[in-house]
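Student: I am attaching a structure below and will ask some questions about it afterwards.
There are 2 protein chains.
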Amino acid sequence: MKNRKVSKAVIRRLPRYYRELGLLKQKKIERISSGDLAERLGLNPSQVRQDLNCFGGFGQQGYGYQVSSLHKELASILGLTRTYRAIIAGAGNIGQALCKYEGFLELGFETLALFDIDKSLVGKLVCEKPVMHIDKMSDFILSNNVDIGIIAARRRAAQPIADIMVKSGIRAIWNFVPADITVPVPLENVHLSDSLLVLTYQLASANEQEQDKA
Amino acid sequence: MKNRKVSKAVIRRLPRYYRELGLLKQKKIERISSGDLAERLGLNPSQVRQDLNCFGGFGQQGYGYQVSSLHKELASILGLTRTYRAIIAGAGNIGQALCKYEGFLELGFETLALFDIDKSLVGKLVCEKPVMHIDKMSDFILSNNVDIGIIAARRRAAQPIADIMVKSGIRAIWNFVPADITVPVPLENVHLSDSLLVLTYQLASANEQEQDKA
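Protein chains in written order, with our numbering: chain A, 365 to 578; chain B, 365 to 578.
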């Protein structure tokens, strides 16, 4: 697995393979062909084979993939063989929902604390985690060996918060703010509004096509 | 703008252009070159020109783009010249956070109601909107001309809920459940766990590279 160059598109599909294999495992299905796996994911079989070949030849011709071992391999590739420590900057609606998100614990994530500037929130507990003043974030990261910083603050605060996180040694950032931030560590953006606009774009195009037909 | 074939990658960048132009407008900047716009978005200038050319020649050589008119054009392309009516299936943490999400109102979205099967939630108000039993969702969609169905329910319920939504005339679905659902209307997925796994993948790869160097 050394020095592999894997395209972003392939990496984005890995969690879907992992998720689907987890479901198959739950259903006690022991093996699956690339064709069946492809169909379940709306992909084509050769893409599935190519994707998984990026990480080594997991399948066997005429046999397909062994579900539980491929699931385990993907867990390792996705870095799920350990737990991660996270903090959330911004204890508003999104920050609180993330803190309570069940999917996190399942994946081995632990939120240690939330940070905010809002006096009505600081000092309180959200999902049993303390909300601390943002001024304490840097020290907290330094002394608690935090892996992932989640940003769910206001737009203007996103870049300054990211800068403090990076300076304090955070190893990756998960950004929920609709702003393009720049950091020298792995960054994943969840741009809710952008996603919604892709949907309204499709609605608007569909409308136009209907009008053209009429 | 008729019968245009625009790639998904271009469509995914449109909200970013729209967002950036909105910020420029706020700053009273009247025009911008493709080079400057590209730099702000981490793209290259020729890509910016190509992307925007898909929808018509908005720029002028030697002048660049007129910020406010391009912003307005993009609003129209993104379908933001009207308001949208949405409902949320699943009134748990994510559903509630979405209902309270300020970005929605800004974009012209109105959440009419939430739906759930949880007796402790049904009958309550969340962000001043009623939480109704999921059995009432179909009638509600039919009689309220709902555009967008947001799914924030449990995994197993996602496809059945999507089917009811489509049958009742919903025009687009925004899915927050980590499941691959199939619908004959525009669909946007926000897979939080998948996004997080892309981040852990990057962390795991970074670790490996460090180990290789050592």
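Even for Gly, the Cβ is constructed at its ideal location relative to N, Cα and C. For clarity, every value in this text was computed on a predicted model and none was experimentally measured.
For Lys493/A, name the three-state secondary structure that DSSP assigns.
Tutor: strand
Student: Specify whether the region 442-455 of chain A and the region 477-484 of chain A touch according to this definition: at least 3 beta carbon pairs, one from each stretch, less than 8 Å apart.
Tutor: yes
Student: Is the beta carbon of Leu407/B sitting closer than 8 Å to the one on Glu384/B?
Tutor: no
Student: Note down, in chain order, every chain B residue with its Cβ under 8 Å from the Cβ of Gln460/A.
Tutor: Here the neighbours are Asn457, Ala461.
Student: In whole angstroms, what is the alpha-carbon distance linking Leu378/A and Tyr429/A?
Tutor: Between Leu378/A and Tyr429/A, the C-alpha separation is close to 15 Å.
Student: For Asp511/A, go through chain B and note every residue whose CB falls closer than 8 Å to its CB, in chain order.
Tutor: Leu567
Student: With a cut-off of 8 Å, do at least 3 Cβ pairs link the region 479-497 of chain A to the region 545-559 of chain A?
Tutor: no
Student: Let's see if you can read the secondary structure: which residues bound the alpha helix (DSSP H) around Arg377/B?
Tutor: Segment 372-390, the alpha helix (DSSP H) holding Arg377/B.
Student: Given this structure, state the Cα-to-Cα distance separating Arg413/A from Arg520/A, to the nearest angstrom.
Tutor: For Arg413/A and Arg520/A, the distance between alpha carbons rounds to 44 Å.
Student: Ala536/A CB to nearest chain C CB: under 8 Å?
Tutor: No chain C is part of this structure, whose protein chains are labelled A and B.
Student: For Ile396/A, verify whether its CB is less than 7 Å away from any heavy atom of the ligand COA.
Tutor: As far as ligands go, the structure on display features none, and thus does not contain the ligand COA.
Student: Thinking C-beta only, is Thr564/A closer than 8 Å to Leu438/B?
Tutor: no
Student: So which residues of chain A does Ala526/B contact, with C-beta pairs closer than 8 Å?
Tutor: Result: empty, since nearest Cβ-Cβ is about 14 Å, beyond 8 Å.
Student: Taking the Cβ atom as the reference point for each residue, do Tyr381/B and Leu556/A lie within a distance shorter than 8 Å?
Tutor: Against a cut-off of 8 Å, the Cβ pair of Leu556/A and Tyr381/B comes out as no contact.
Student: Leaving out five residues before and five after Lys366/B in sequence, what residues of the same chain have Cβ atoms less than 8 Å from its Cβ?
Tutor: Because the pLDDT at Lys366/B is just 44, under 50, the model does not fix this residue reliably, and the point stays unresolved.
Student: Beta carbon of Thr447/A, beta carbon of Glu470/A: below 8 Å?
Tutor: no
Student: If I'm right that Ile505/A touches Ile534/A with Cβ under 8 Å, what's the distance once you round it to whole angstroms?
Tutor: 6 Å
Student: Run through the region 489-568 of chain B for me and flag every whole beta strand (DSSP E) of 3 or more residues, listed as ranges in chain order.
Tutor: 493-497, 512-515, 536-539, 551-553
Student: Rounding to the nearest angstrom, what Cα-Cα distance links Gln425/A and Trp538/A in this structure?
Tutor: 39 Å
Student: Determine the closest residue to Ile545/B out of Gln460/A, Leu405/A, Asp415/A, with distance taken between C-alpha atoms.
Tutor: Leu405/A
Student: Specify, as a first and last residue, the run of the alpha helix (DSSP H) that Ile441/A falls within.
Tutor: 431-441
Student: Three-state secondary structure (DSSP) at Gly428/A?
Tutor: If DSSP states are grouped into helix, strand and coil, Gly428/A belongs with the strands.
Student: Name the residues in the region 541-556 of chain A whose C-beta lies less than 9 Å from a C-beta of chain B; which are they?
Tutor: Pro542, Ala543, Asp544, Thr546, Val549, Pro550, Leu551, Glu552, Asn553, Val554, His555, Leu556
Student: Note down the Cα distance separating Glu572/B from His435/A, rounded to an integer number of angstroms.
Tutor: 20 Å
Student: Got a sec? Which residues, its chain only, sit under 6 Å from Ser532/A by beta carbon, not counting five neighbours each side?
Tutor: Ser502, Ile505, Leu506
Student: Check Gln573/B in the structure and name its three-state DSSP category.
Tutor: helix
Student: For a test of the three-state rule: what should DSSP assign to Lys369/B, helix, strand or coil?
Tutor: coil
Student: Could you spell out the range, first to last residue, of the alpha helix (DSSP H) harbouring Glu466/A?
Tutor: 466-470
Student: Met365/A CB to nearest chain B CB: under 8 Å?
Tutor: Its pLDDT being 46, under 50, Met365/A is placed unreliably in this model, and the value from its coordinates should be taken loosely. Taking Cβ atoms only, chain B reaches closer than 8 Å to Met365/A, which makes this a yes.
Student: From the DSSP output, which residues share a beta bridge with Thr590/B?
Tutor: As shown, chain B starts at 365 and ends at 578. That puts residue 590/B outside it, with no answer to give.
Student: Among all the DSSP beta bridges, which residues are the ones paired with Asp480/B?
Tutor: His497/B
Student: Which chain A residues sit within Cβ distance under 9 Å of Pro379/B?
Tutor: Pro542, His555, Ser557, Asp558, Ser559, Leu560, Leu561, Val562, Tyr565
Student: Alpha carbon to alpha carbon, how far is Phe540/A from Tyr427/A?
Tutor: 42 Å
Student: Pick helix, strand or coil for Ile458/B, following the three-state DSSP scheme.
Tutor: helix
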